[in-house]
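Student: Just passing along the structure, written as structure tokens.
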Amino acid sequence: MTAKEAIRELEHMKQYSTAKAIPALDFAIKALREQAEREKE
């Protein structure tokens, strides 16, 4: 699974998660986006 696919999956999970889980999902999405940017370079 690529970082882009993982981000898409986390964003999908976010729609069905509880309010308590959203900050953790946001953090994971942010970390994966940063990793994807580093891989591009």
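Each residue of the sequence shown is one higher than the one before, counting from 11 in this note's numbering. Cβ coordinates follow ideal geometry from the N, Cα and C atoms, glycine included.
(1) What's the C-alpha gap between Q5 and A34?
(2) Do we get a CB-CB distance below 8 Å when we pair Q25 with the residues of chain C?
(3) Classify A13 as helix, strand or coil using the three-state DSSP reduction.
(4) Between the alpha carbons of S27 and K40, how many angstroms are there, rounded?
Tutor: Let's see:
(1) Here the chain has residues from 11 to 51 only, and residue 5 is not among them.
(2) Absent from the structure is chain C; it holds one protein chain and no more.
(3) helix
(4) 17 Å
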